[in-house]
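Engineer: This is the structure, below, for whatever I ask next.
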Amino acid sequence: MIKIAFLTIILALSVINSDSAYVEKPGSCPLDLTASLSGCTFFCITDDQCPENLKCCATDCGKQCAMPI
C-alpha cells in the first residue's frame, strides 16, 4: 500500500513539473545496477529528479539515481 502511495505522489509531481523542458543528462546507466536495500522502489522517473550529475536508471526492480558510465 505504501508503494502505491509513493508511486502516486511521484507521478503527481512529474505531472506538475511537466511544463518544464526535460533534458537528459549525459552518460549511460550502468548495466548491472541492482535495487537498493529498501527493495523495489521508484526513487526517480527522469534524470532531472536526480541530484548533480546522477542519472535516473532502471534497476533489477525499480528505478534509482546512479552515477553514469
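If you use mature numbering (1 follows the signal peptide of the UniProt record, and there is no 0), the sequence shown corresponds to residues -21 to -1, 1 to 48, in order.
Positions of the beta carbon are idealized from the N, C-alpha and C atoms, including for glycine.
Use the C-beta contact count for A37: other C-beta atoms within 10 angstroms, 16 or more gives buried, fewer gives exposed.
Structural biologist: Residue 37 sits at position 58 when you count from the first residue of the sequence shown. With fewer than 16 Cβ atoms within 10 Å of its Cβ, A37 is classed as exposed.
Engineer: For G6, collect the residues of the same chain with a Cβ closer than 8 Å to its Cβ; drop the 5 residues on either side in sequence, then sort them by chain order.
Structural biologist: Numbered from its first residue, the sequence shown carries residue 6 at position 27. Excluding sequence neighbours, G6 sits near N32, K34, P47, I48.
Engineer: Tell me which residue opens and which closes the beta strand (DSSP E) that C36 is part of.
Structural biologist: Position 57 of the sequence shown, counted from the start, is the residue given in the question as residue 36. Segment 34 to 38, the beta strand (DSSP E) holding C36.
Engineer: Which residue from C44, K42, F21, D26 puts its Cα closest to that of K4?
Structural biologist: Taking the sequence shown and counting its residues from 1, one reaches residue 4 at position 25. Among C44, K42, F21, D26, the Cα nearest to that of K4 is on D26.
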